[in-house]
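Be aware that the sequence shown starts at 47, since it is given in this note's numbering, and climbs by one per residue. Where is the CB? At the ideal position from N, CA and C, for every residue including glycine. Bear in mind that the values here come from a model prediction, so they are computed numbers and not experimental data. First comes the structure, then the notes that go with it.
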Amino acid sequence: HINMVKICCIGAGYVGGPTMAVIALKCPKIEVVVVDIFEPRIIAWNSDQLPIYEPGLDDVVKQCRGKNLFFSKDVEKHVAEADIVFVSVNTPTKTQGLGAGKAADLTYWESAARMIADVSKSDKIVVEKSTVPVKTAEAIEKILTHNSKGINFQILSNPEFLAEGTAIQDLFKPDRVLIGGRETPEGQKAIQALKDVYAHWVPAERIICTNLWSAELSKLAANAFLAQRISSVNAMSALCEATGADVSQVSHAIGKDTRIGPKFLNASVGFGGSCFQKDILNLVYICECNGLAEVANYWKQVVQVNEYQKTRFVNRVVSSMFNTVSGKKIAILGFAFKKDTGDTRETPAIGVCQGLLGDKAILSIYDPQVPQEQIQRDLSMHKSELDKPPHLRPVSPIAIEQVTCVRDAYEATKGSHGICVLTEWDEFKTLDYQKIYNDMQKPAFVFDGRNVMDVDKLRQIGFIVYSIGKPLDAWLKDMPAVA
Ligand code: NAD
Ligand code: UDX
């Protein structure tokens with residue numbers, strides 16, 4: 047193990063914060079500084095109210111902060127002092143210009159790279175932690191070497207596979223750590239240095255070393271495969287509803303095939319999160335740039351099915367309720383893109399809520415972690431702005447009149463005509479649904495976009511229940527949704 051290595055990570059977001067906290071915890075002899083140009087985030091990382099909600103994160107940060115883990119806005123100073131510089135800045139989808147709507151926007155990445163070149167006075171290993179298009183390392187290498195003043199930079203690709211809500215668990219016990227580097231002796235030496243960091247807690251056989259392009263592409267490929275599984279099961283869910291098959295039973299049956307495996311086969315109202323859509327669009331763009339139209343179209347379909355699933359859900363809600371939700375109170379339970387996170391980036395709830403608002407519904411929204419301002423910002427924004435990280439989005443002063451955000455599920459559902467479950471928060475499973483039913487307009491509807499409700503129990507209470515991919519109530523069969 048190498049001693050007294052200094053690590054600096056540029057970007058104190060969902061990836062930079064938790065990954066560096068875990069490195070600091072597992073490597074007490076390494077000094078880790080996480081830097082960001084967005085000062086409020088740094089202030090929050092140094093406070094008791096961390097800027098992101100992630101189970102177990104508080105504990106890790108408390109153990110190391112001030113010892114060998116620091117958060118700072120002095121970006122240049124800490125980059126200059128570091129031996130290894132991780133770059134974990136945001137790489138959203140480009141909203142304007144060449145490749146708009148698909149290509150990755152590398153503005154933040156390039157400015158970070160130029161700054162590294164500017165301030166460095168000693169040799170450094172620069173690690174791509176952000177998800178980037180394959181071949182980005184080549185561009186970054188050019189920027190660094192053309193501005194280097196004789197300093198030697200080695201570029202590594204070390205994509206992050208953590209999922210939000212389970213980030214700490216994923217970082218403690220990763221399925222694998224992937225490190226890509228140049229096949230030169232210097233490149234191999236750099237790989238070894240980063241391997242030594244992870245070797246503090248990750249078993250050697252779980253650290254995979256490849257060339258740069260394989261590492262970069264593997265990240266896009268992994269996310270594309272994962273999202274593709276969800277779109278596949280979601281496509282099946284539509285067929286299940288049409289035929290009387292039950293998507294949970296189908297998932298269970300196919301998942302028993304060890305070649306398919308049981309994970310990531312839950313039908314839903316659609317996948318969300320900052321990564322899947324962005325990374326697939328990026329992959330599609332790269333395929334197109336390489337003249338591979340068929341490959342591009344294949345992956346594009348994964349995103350299209352995801353859009354279809356959200357539209358299908360909204361149509362189901364509206365058509366079940368006599369083809370109009372105008373003026374009706376609809377309770378939205380859950381707004382985050384998955385449980386155990388307060389993150390709303392690309393959450394399917396945005397599309398579903400906007401669809402219902404388009405049909406003039408009155409929404410009462412409850413999420414245990416997402417603040418009201420965030421929900422209002424998300425719903426009042428133009429699509430292109432949603433790709434930006436929350437703090438870079440413009441704040442709209444106009445609160446939408448059709449939307450209220452409330453503090454619990456009972457308040458949200460009181461007096462409503464229907465309930466849409468859009469995030470699978472555990473607390474929604476144990477609500478007193480008899481009480482909720484009593485306080486609702488009749489007929490009372492539940493639309494479960496996450497398959498977490500006890501459908502039989504709800505039907506016994508008297509609800510009309512729609513659950514993605516499950517056999518339909520007689521009521522719903524009589525009101526076919528046009529997708
Ligand atoms: P984020 O928006 O939460 O954090 C990025 C941070 O970088 C922001 O705080 C921003 O202020 C900062 N930043 C931007 N430019 C900077 C600069 N020049 N100098 C200093 N700081 C700068 O993003 P994130 O969710 O942490 O994602 C980061 C990268 O990791 C993305 O490429 C993403 O695709 C990838 N990734 C994300 C996840 C995830 O679950 N969120 C998982 C794996 C990979
Ligand atoms: C994903 C990848 O899992 C992770 O490896 C990568 O580093 C970042 O992107 P994340 O977006 O945080 O992680 O969460 P994930 O658990 O993958 O869920 C993504 C979306 O898919 C969520 O909206 C989730 O609800 C949905 N999903 C997931 C389903 O609809 N069905 C499933 O079976 C699994």
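Identify whether residue i lies in helix, strand or coil by the three-state DSSP scheme.
{"i": "G226", "result": "strand"}
{"i": "G464", "result": "strand"}
{"i": "S118", "result": "strand"}
{"i": "K241", "result": "helix"}
{"i": "I253", "result": "strand"}
{"i": "Q200", "result": "strand"}
{"i": "Y412", "result": "strand"}
{"i": "C54", "result": "strand"}
{"i": "I261", "result": "Reading off the sequence, residue 261 comes out as Ala, not Ile. Helix."}
{"i": "I98", "result": "coil"}
{"i": "K123", "result": "helix"}
{"i": "K167", "result": "coil"}
{"i": "I306", "result": "coil"}
{"i": "K235", "result": "helix"}
{"i": "E156", "result": "helix"}
{"i": "A183", "result": "helix"}
{"i": "T177", "result": "coil"}
{"i": "T139", "result": "strand"}
{"i": "E77", "result": "strand"}
{"i": "I421", "result": "helix"}
Of all the options the options, which has the alpha carbon lying nearest to the alpha carbon of residue i?
{"i": "W91", "options": "A67, I76, R305, W247", "result": "A67"}
{"i": "D502", "options": "R496, G495, K516", "result": "K516"}
{"i": "G226", "options": "V172, D120, Q355", "result": "V172"}
{"i": "W247", "options": "V363, L217, A270", "result": "L217"}
{"i": "S426", "options": "P417, V449, D413, V416", "result": "V449"}
{"i": "V467", "options": "I197, A382, E340, D424", "result": "A382"}
{"i": "S462", "options": "D485, A520, E447, D478", "result": "D485"}
{"i": "T387", "options": "V78, G102, V80", "result": "G102"}
{"i": "A236", "options": "G147, T191, V131", "result": "V131"}
{"i": "C54", "options": "L329, T469, E100, V135", "result": "V135"}
{"i": "P86", "options": "P97, I76, V80, E392", "result": "P97"}
{"i": "R111", "options": "P220, I189, L144, G63", "result": "G63"}
{"i": "V364", "options": "F116, G145, V61, L522", "result": "L522"}
{"i": "S118", "options": "D82, D129, F359, A245", "result": "D82"}
{"i": "V223", "options": "E229, D242, E210", "result": "D242"}
{"i": "L327", "options": "V80, T177, W259", "result": "T177"}
{"i": "Y344", "options": "Q274, A291, C286, G307", "result": "Q274"}
{"i": "I214", "options": "D405, E100, Q480, V80", "result": "E100"}
{"i": "T139", "options": "R423, F322, D389, I378", "result": "F322"}
{"i": "I514", "options": "N361, G211, I411, P249", "result": "N361"}
{"i": "E156", "options": "T182, G145, A146, T141", "result": "T182"}
Could you tell me whether any non-hydrogen atom of the ligand NAD is closer than 6 Å to the CB of residue i?
{"i": "R222", "result": "no"}
{"i": "F509", "result": "no"}
{"i": "S314", "result": "no"}
{"i": "G57", "result": "yes"}
{"i": "N136", "result": "yes"}
{"i": "Q412", "result": "Per the sequence shown, the amino acid found at residue 412 is Tyr instead of Gln. The answer is no for Y412."}
{"i": "T469", "result": "no"}
{"i": "I225", "result": "no"}
{"i": "A158", "result": "yes"}
{"i": "Y154", "result": "yes"}
{"i": "D69", "result": "Sequence check: residue 69 is Ile here, not Asp. For the ligand NAD, not one heavy atom lies less than 6 Å from the Cβ of I69."}
For the ligand UDX, is there any heavy atom lying closer than 6 Å to the beta carbon of residue i?
{"i": "F218", "result": "no"}
{"i": "F199", "result": "no"}
{"i": "A284", "result": "no"}
{"i": "K113", "result": "no"}
{"i": "F271", "result": "no"}
{"i": "E63", "result": "Inspection of the sequence shows that residue 63 is occupied by Gly rather than by Glu. No, since every heavy atom of the ligand UDX falls outside the 6 Å radius drawn around the Cβ of G63."}
At a Cβ threshold of 7 Å, is residue i touching chain B?
{"i": "I482", "result": "No chain B appears in this structure, which consists of one protein chain only."}
Next item on the list: Let me know the alpha helix (DSSP H) ranges lying completely inside the region 324–401, each 4 residues or longer, listed in chain order.
Entry: Here the runs fully enclosed are 339–366.
Margin query: To test your reading of the DSSP string, which unbroken alpha helix (DSSP H) runs of 4 or more residues are found completely within the region 449–520?
Written below: 455–459, 479–484, 501–507
Margin query: Quick check: the region 348–355 against the region 267–280, are at least 3 beta-carbon pairs closer than 8 Å?
Written below: yes
Checklist line | Cβ pair count under 8 Å reaching 3, the region 451–458 against the region 366–374 | finding: The region 451–458, when compared against the region 366–374, does not touch it at the 8 Å Cβ threshold.
Check: Would you call the region 485–501 and the region 251–271 touching, i.e. three or more CB-CB distances under 8 Å?
Finding: no
Margin query: Taking 8 Å as the cut-off, does the region 167–186 touch the region 201–212 (at least 3 CB pairs, one atom from each stretch)?
Written below: yes
Item checked: Three CB pairs or more closer than 8 Å across the region 146–153 and the region 68–78 -> no
Notebook entry, point to check: Between the region 390–408 and the region 299–316, do three or more beta carbon pairs fall short of 8 Å?
Noted result: yes
Check: How do the region 152–168 and the region 183–194 stand: do at least 3 beta-carbon pairs fall below 8 Å, yes or no?
Finding: yes
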